[in-house]
Amino acid sequence: MWSIARNEQAHPLLREPAIVELSRRKETGAMELCGTLLRSPNVEEWFVAVRALIAMGTHEALERLTGLYARSKDWKRRYVFMSIARILTAEYIRPFQLMAKDFVTMERLDVTGWTRTAILTMKSVCNRYGVKVLDRTQKKRCISGRNISQTEQTILIEKT
86 MWSIARNEQA
96 HPLLREPAIV
106 ELSRRKETGA
116 MELCGTLLRS
126 PNVEEWFVAV
136 RALIAMGTHE
146 ALERLTGLYA
156 RSKDWKRRYV
166 FMSIARILTA
176 EYIRPFQLMA
186 KDFVTMERLD
196 VTGWTRTAIL
206 TMKSVCNRYG
216 VKVLDRTQKK
226 RCISGRNISQ
236 TEQTILIEKT
């Protein structure tokens with residue numbers, strides 16, 4: 086499996102199953118391989134590395150992802166945030182809260198696959214900033230007749 090994972094001649098998507106499986110098994114060297122892929126100019130290798138770190142799900146992997154979030158911009162930052170939400174545990178609530186405040190202005194946030202801890206933390210951050218949170222089943226019309234999910238200070242958290 087390592088020969089496939091390290092084969093730089095193969096397309097990253099062909100290497101991904103081996104890399105993710107090695108990470109899931111927490112094999113020695115998987116973290117180093119992820120670090121190499123994260124530094125690559127190839128965006129597909131970057132995606133593979135993030136998915137492998139999520140599969141690893143260790144304290145060290147979460148630390149690496151938190152640092153990656155801090156260094157990333159735009160769509161990469163959002164991707165890392167959404168990925169962390171899939172494996173968030175109670176010990177990482179504080180860093181996740183700091184990340185979540187960047188996303189409270191979104192009108193809609195898909196929480197499919199998020200841990201319960203991540204969903205509750207996001208709701209807490211929204212409440213702190215005065216943003217109403219509605220789940221998909223509570224999407225109703227407000228008194229003025231406008232859809233609540235389209236008002237300025239409301240975020241609709243939904244699972245698809």
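When you line the sequence shown up against my numbering, it's residues 86 to 245, in that order. Positions of the beta carbon are idealized from the N, C-alpha and C atoms, including for glycine.
T143 and S108 have their C-alpha atoms some 10 Å from each other.
DSSP, reduced to helix, strand and coil, places V196 outside both helices and strands of the structure shown, so it counts as coil.
Rounded to the nearest whole angstrom, the CA to CA distance from N212 to M116 is 36 Å.
The three-state secondary structure of K158, taken from DSSP, is coil. Excluding residues up to 5 positions away in sequence, Y154 and D187 lie with their Cβ nearer than 8 Å to the Cβ of R162 in the same chain. Here the C-alpha atom of L194 lies approximately 12 Å from the C-alpha atom of A170. The Cβ atoms of L118 and R149 lie no closer than 9 Å to each other.
For A185 and Y164, the gap between their C-alpha atoms comes out near 12 Å. For a cut-off of 8 Å, the C-beta gap from I172 to T200 is around 7 Å, short enough to register as a contact. The alpha-carbon separation between L99 and A137 amounts to approximately 14 Å. DSSP places M184 in the uninterrupted alpha helix (DSSP H) bounded by I178 to A185. Here G152 carries a helix assignment [DSSP, helix/strand/coil]. Distance between S125 and V196, taken at the CA atoms: about 29 Å.
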